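> Okay, so the sequence shown: first residue is 6 according to our numbering, each after it adds one.
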Amino acid sequence: MFTTNHAATAFVIALTVKEPVLVVPLSFASHFALDALPHFGRHPKVKAFNDNFKKVLIIDSALATFLAIVVALTWPDDIWLLAAASIAATLPDMLWLAEPRLKETPGWKQFFAFHHKIQWGERPYGMVFEVPWLFGALVVLFSL
Numbered sequence: 006m007f008t009t010n011h012a013a014t015a016f017v018i019a020l021t022v023k024e025p026v027l028v029v030p031l032s033f034a035s036h037f038a039l040d041a042l043p044h045f046g047r048h049p050k051v052k053a054f055n056d057n058f059k060k061v062l063i064i065d066s067a068l069a070t071f072l073a074i075v076v077a078l079t080w081p082d083d084i085w086l087l088a089a090a091s092i093a094a095t096l097p098d099m100l101w102l103a104e105p106r107l108k109e110t111p112g113w114k115q116f117f118a119f120h121h122k123i124q125w126g127e128r129p130y131g132m133v134f135e136v137p138w139l140f141g142a143l144v145v146l147f148s149l
């Protein structure tokens, strides 16, 4: 699932639950729930770290950053809770960068195996799932 969807979902969780002790773990868990749904991935033209992958990553990062700025400006009193939720929800994907160094370390090996296993729903046509999810999350978010 794209970072923008993970962040949007975390923002909804943060503004709905409002309790930091619950928001952070729920946002972290939401990452895996979303990754277990059908989503974009395994596209023959988008391989790890090729030019197309980098373009998708840049666009997704720009959209997520724009959304974070809009959310921070809309709910300035909740900025720290929103930031914590967003970091928790996107952290598992950030950890992919450390996988080559950590994948044989006890605990991390199981984490990465689990994270790979739940990606069963990655599909080249996964945008048909990602776009409606984002639209729905944004509708819920801006109705709060």
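All C-beta atoms in this analysis are idealised placements derived from N, C-alpha and C, irrespective of residue type, glycine included.
Here the structure is a predicted model, which means the values were calculated and not measured.
Given a cut-off of 8 Å on the beta-carbon distance, is the pair alanine 15 and alanine 94 in contact?
Yes, they are a contact pair.
> Would you list the one or two residues that DSSP bridges to arginine 128?
DSSP lists Phe45 as partners of arginine 128.
> Which residues mark the beginning and the end of the alpha helix (DSSP H) in which serine 91 is found?
Note, serine 91: alpha helix (DSSP H), 84–99.
> State the Cα-Cα distance for the pair glutamate 104 and phenylalanine 117, rounded to the nearest angstrom.
Whole-angstrom Cα-Cα distance: 7 Å.
> Distance, Cα to Cα, arginine 106 vs glutamine 124?
One C-alpha to the other measures close to 21 Å.
> Mind the definition here: the region 126–137 touches the region 37–48 only if three or more C-beta pairs lie below 8 Å; say whether that holds.
Yes, since at least three Cβ pairs between the region 126–137 and the region 37–48 fall closer than 8 Å, the two stretches touch.
> Thinking C-alpha only, which one of Phe140, Ala38, Ala90 and Ile74 is nearest proline 25?
Of Phe140, Ala38, Ala90 and Ile74, the residue nearest in Cα terms is Ala90.
> Buried or exposed, going by whether 16 or more other CB atoms sit within 10 Å of the CB of phenylalanine 7?
Buried, since its Cβ has 16 or more Cβ neighbours within 10 Å.
> For histidine 36 versus proline 81, is the C-beta distance shorter than 8 Å?
No, Cβ-Cβ distance for histidine 36 and proline 81 is not below 8 Å.
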